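Novice: Counting along the sequence shown from 1, when you hit position 317 you're at 1651 in our numbering, and nothing is skipped either side.
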Amino acid sequence: MKTNHSFYIDLAVYILLAVALAVQTSCGKSSEGDKASADKNSKSIFAMNTYVTVTAYGDNAENALISAEDKIKSLESMWSVTDENSEIYAINHSEGQSAEVSAETAELLDFSLEMHERTDGAFDISLYPVLTAWGFTTEEYRVPGDEELAQLLGNTGVEKILLNDRTVQVPAGMQIDLGAVGKGYAGDLVAEDLKKNGVESALIDLGGNIQTVGTKPDGGNWKVGIRSPFGEGNFAVLEIGECAVVTSGGYERYFVQDGKTYWHILDPETGKPAESGIASVSVIGSEGRLCDALSTSLFVMGLDKAAELWKNSDDFEMIIVTSEGEIYITEGIEDDFSLSENFSEPKVSVIRR
């Protein structure tokens, strides 16, 4: 049985910094002047089950990073599924009773309900027991039977979650998990915290979820490598300004049994790994929480439905790699996307409105 436990570390090394143009539609381009001489400070911690690195520039960077670390640890303590003192743990063990949560948790839950509706159910935060049955939360991997999955799916359903201001109620037997959106929202909140502490240039890497504040300290924009879902290395480079870039793929967490590969991105309808013909999805937008939620949802939806959702939206761009190695990008990033030297053969198709 083969597993992939080091993908977060792998993703972190693919972040490249260089002078570039900003993404045209989803991300704003800063007009900051020359900050090449700004002080650089960096802090790395293990939180939210991944390695988090925040790099900030400027006179206030050192103090801002202390505040950012406190923010990340605070969010982790609220959203952990296994910490008995967390708000999510309290919800999952409330036996159908109401639970009071913080403003941040209430906001994220409200957003998750909205994303469930927007994606026609492809985004679902109520699948934690199903993920556990497959072993993706424990690393004790197995293939559950259809009868077991049907029973577990009976306790899912985001529409059953009741949220009233800061009071949340889920049915007895249901367990929620914000793992598919929590890192993205953490990136949003950390970026906001850095700005409040006077930072105008920063890069936040939450286990491969990338979020930036402003431009590079020299006034240029950031360059981000997009990992190939079929092996080591970046297949493309994306040039962005102040932006979030989140990638989801079957290569991130998986196991192989009897010659078949099972990955952690589940189809909420079947409770089984989504088989949509997609190998990876990268989403680019101004909100980390949106990019995080959509990267998972679009993987489940497949190319055609993903393209349809994009055409009816104006708040994100995307890069899709199919299981056959085809590459699709949306027109808003056409001028900011380039294949890496070692991946120059695949044809890139542009999705247009």
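Glycine included, each C-beta is placed from N, C-alpha and C at the ideal position. On a predicted model such as this, the values are computed, not experimentally measured, just so you know.
Helix, strand or coil, according to DSSP, for PHE1569 in the structure here?
Specialist: Three-state DSSP puts PHE1569 in a strand.
Novice: When you compare the CB positions of GLY1532 and LYS1517, do they come within less than 8 Å of one another, or not?
Specialist: Contact: no.
Novice: Among TRP1468, GLU1668, SER1620, SER1378, whose alpha-carbon lies nearest the alpha-carbon of THR1595?
Specialist: The residue with the shortest Cα to Cα distance from THR1595 is TRP1468.
Novice: Could you give the C-beta distance for VAL1318 and ASN1543, rounded to a whole number, given that I count them as a contact under 8 Å?
Specialist: What the structure shows of the chain is the stretch from 1335 to 1687, and residue 1318 is not part of that stretch, so it cannot be assessed.
Novice: What are the start and end residues of the beta strand (DSSP E) that includes ILE1654?
Specialist: It spans 1651–1656 - the beta strand (DSSP E) in which ILE1654 sits, taken as one unbroken run.
Novice: Using CA coordinates, which residue listed in ASP1649, GLU1621, ALA1608 is at the minimum distance from THR1630?
Specialist: Checked all of ASP1649, GLU1621, ALA1608; the closest Cα to THR1630 is ALA1608.
Novice: Given a cut-off of 8 Å, decide if SER1420 and SER1428 are closer than it, judged by their beta-carbon atoms.
Specialist: No. Outside cutoff.
Novice: Is it a yes or a no for the stretch 1452–1467 touching the stretch 1567–1576, going by three-plus beta-carbon pairs under 8 Å?
Specialist: Too few Cβ pairs lie closer than 8 Å, so no.
Novice: Fully enclosed by the stretch 1551–1602, which beta strand (DSSP E) runs are 3 residues long or longer?
Specialist: Runs of the beta strand (DSSP E) inside the stretch 1551–1602: 1556–1561, 1568–1574, 1578–1583, 1588–1591, 1594–1597.
Novice: Who are GLU1434's beta bridge partners in DSSP?
Specialist: Note: GLU1434 sits in a beta bridge opposite THR1501.
Novice: According to DSSP, is ASN1375 helix, strand or coil?
Specialist: Residue state, collapsed to three classes: strand.
Novice: Need the endpoints of the beta strand (DSSP E) that LEU1537 sits in, please.
Specialist: Run containing LEU1537: 1535–1540, per the beta strand (DSSP E) assignment.
Novice: Flag this pair as yes or no: are the beta carbons of ARG1587 and PHE1470 separated by less than 8 Å?
Specialist: Cβ atoms of ARG1587 and PHE1470: closer than 8 Å.
Novice: Enumerate in chain order the residues of its own chain whose CB-to-CB distance from PHE1677 is below 6 Å, with the five nearest sequence positions on each side excluded.
Specialist: Only PHE1569 meet the Cβ criterion.
Novice: Please say whether THR1389 and LEU1537 have beta carbons closer to each other than 8 Å?
Specialist: Yes, these two residues count as a Cβ contact at 8 Å.
Novice: Relative to the C-alpha of LYS1645, which residue among ARG1687, TYR1391, VAL1558 is closest?
Specialist: Comparing Cα positions, the closest option is ARG1687.
Novice: According to DSSP, is ALA1424 helix, strand or coil?
Specialist: The answer is helix: DSSP assigns ALA1424 an H, G or I state.
Novice: Report the residue from LEU1497, SER1411, ASP1539 whose alpha carbon sits nearest the alpha carbon of ALA1385.
Specialist: It should be noted that the sequence gives Tyr, not Ala, for residue 1385. Measuring from the Cα of TYR1385, the nearest candidate turns out to be ASP1539.
Novice: Relative to the C-alpha of LEU1461, which candidate in PRO1602, LYS1377, ASP1648, GLU1474 has its C-alpha closest?
Specialist: Checked all of PRO1602, LYS1377, ASP1648, GLU1474; the closest Cα to LEU1461 is PRO1602.
Novice: Quick one: grab the DSSP three-state call for ILE1510.
Specialist: If DSSP states are grouped into helix, strand and coil, ILE1510 belongs with coil.
Novice: Going by DSSP, which residues form a beta bridge with GLN1545?
Specialist: In the DSSP output, where bridge partners are listed per residue, GLN1545 has ILE1538, ALA1578.
Novice: Could you give the distance in angstroms between the alpha-carbon of GLY1393 and the alpha-carbon of LEU1399?
Specialist: A small correction: the amino acid at residue 1393 is Asp; Gly does not occupy that position in the sequence shown. Distance between the alpha carbons of ASP1393 and LEU1399 is about 12 Å.
Novice: Assuming ILE1618 contacts ILE1654 (C-beta within less than 8 Å), just tell me the rounded distance between them.
Specialist: So it is not a contact: roughly 12 Å between Cβ atoms.
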